[in-house]
Amino acid sequence: MAPDEAHEEASSATGAAAYGPLVLAGYDTYVLRFSLRFLWGCPKREILDVYERNAGPEHLDIGVGTGFFLERAGAITPDTRLELLDLNPVPLRTVERRLSGYRMRTHVGDAAEEIPLADASLDSVGMANLLHCMPGDFTRKARAFDQARRVLRPGGRIFGSTVVGGGSGVRVNPLARRVMRTYRARGGFDNIDDTPEKLTAELEARFTDVRVTVRGCVALFEGTA
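End of the sequence shown sits at 238 in this note's numbering; the numbers just go up one at a time, nothing left out.
1. Going by beta carbon distance, what residues of the same chain come within less than 8 Å of residue 135, once the five residues before and after it are set aside?
2. Which same chain residues end up closer than 6 Å to residue 121 when comparing Cβ atoms and leaving out the 5 residues on each side of it in sequence?
3. Taking 8 Å as the cut-off, decide whether the C-beta atoms of residue 181 and residue 141 are in contact.
4. Which whole-angstrom value describes the C-beta separation of residue 253 and residue 229, a residue pair presumed to lie in contact below a C-beta threshold of 8 Å?
5. Report buried or exposed for residue 198, applying the criterion of at least 16 other Cβ atoms within 10 angstroms of its Cβ.
6. For residue 109 versus residue 119, is the C-beta spacing smaller than 8 Å?
7. By how many angstroms is the C-alpha of residue 116 removed from the C-alpha of residue 207?
8. How is the alpha helix (DSSP H) around residue 75 delimited, first residue to last?
9. Exposed or buried, residue 113, counting other C-beta atoms within 10 Å across all chains shown (16 or more means buried)?
10. Helix or strand or just coil, what does DSSP make of residue 210?
11. Is any heavy atom of the ligand ADP found at a distance shorter than 7 Å from the C-beta of residue 44?
12. Please state the DSSP three-state secondary structure of residue 312.
13. Can you tell me where the beta strand (DSSP E) with residue 138 in it begins and where it stops?
14. Do residue 233 and residue 223 have their C-beta atoms within less than 8 Å of each other?
15. Work out the CA separation of residue 143 and residue 205 for me, nearest whole Å.
16. Tell me which residue opens and which closes the alpha helix (DSSP H) that residue 165 is part of.
17. Going straight from the alpha carbon of residue 235 to that of residue 131, what length do you get?
18. Under 8 Å by Cβ, that's how I've got residue 209 and residue 177 pegged, so tell me the actual separation to the nearest angstrom.
19. Could you check if residue 161 is buried or exposed, using at least 16 other CB atoms within 10 Å of its CB as the buried criterion?
20. Is it buried or exposed for residue 133, if we count other Cβ within 10 angstroms and need 16 for buried?
21. My output table needs one value for residue 23: the three-state DSSP class, helix, strand or coil.
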């Protein structure tokens, strides 16, 4: 394994390991209610609206958190076929408990590697608050877009959100900047060079109807396979 690949693998594992039972117990309150609004400048309603617009009847969610958006999005019901992918089995078990009446399968794996799903088998792929935790620049992170493009049917939708480090229209308040530095030092974030422009370029190389909207220092994105 090349040194860069080993570093990326270690960084991925570090970011995923941060989401243990104690962190997930406070995730909805601290991350979704406080951090999104007051640190990153993007109320969770903005991300929920992206789910409402784009989630289809056969949906893959990558980096599942606690399943908050899956539970709250009206577009997702117990009849939705859910595929859940995360590098850490703890969030997957959390979502299984939260959405116990839903049809779902869980997969432990890296979004930048091959996803164990058939080509053109899904209507939508969601990546809420995932990319800023993935190691490397957007060229490396965009491997997840390659996999999403492969498993989406023609006309299927990709969507998500990510905290970016700068770029056009991005506003990072002083506290957010300090917290971001701490998260990067601990291996939870790797987004110092992430910008809406780089995100848009990688999406447009693979999808049509690409829309990237900035709220504070969060980039919300949508596109069509």
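Think of the CB as a built atom: it goes at the ideal place given N, C-alpha and C, for glycine as much as any other residue.
Taking the structure as given:
1. Correct list, in chain order: 69, 71, 72, 73, 96, 164, 165, 166, 169.
2. Only 102 meet the Cβ criterion.
3. No; because the gap between Cβ atoms is not below 8 Å, this pair is not in contact.
4. The structure shown does not extend to residue 253, since the chain spans only 14 to 238, so no value can be given for it.
5. Burial call: exposed.
6. A contact, by the Cβ cut-off of 8 Å.
7. Whole-angstrom Cα-Cα distance: 35 Å.
8. Where residue 75 is concerned, there is no enclosing alpha helix (DSSP H), although the beta strand (DSSP E) it sits in stretches over 71-75.
9. Result: exposed.
10. Here residue 210 sits in helix by DSSP.
11. No copy of the ligand ADP appears in this structure; indeed no ligand is present at all.
12. The structure shown does not extend to residue 312, since the chain is modelled only from 14 to 238, so the question has no answer here.
13. Under the DSSP assignment, residue 138 falls in the beta strand (DSSP E) whose first and last residues are 135-141.
14. Taking 8 Å as the Cβ cut-off, residue 233 and residue 223 do not qualify as a contacting pair.
15. Rounded to whole angstroms, residue 205 and residue 143 show a C-alpha spacing of 15 Å.
16. No alpha helix (DSSP H) holds residue 165; the beta strand (DSSP E) holding it covers 165-176.
17. Roughly 22 Å separates the two Cα atoms.
18. Under the criterion of beta carbons closer than 8 Å, residue 209 and residue 177 qualify as touching, at roughly 6 Å.
19. Classified as buried, residue 161 has 16 or more neighbouring CB atoms from the shown chains inside 10 Å of its CB.
20. Taking all protein chains shown into account, residue 133 has fewer than 16 neighbouring C-beta atoms within 10 Å of its C-beta and is therefore exposed.
21. Unreliable placement is indicated for residue 23, whose pLDDT of 42 sits below 50; no coordinate value is reported for it.
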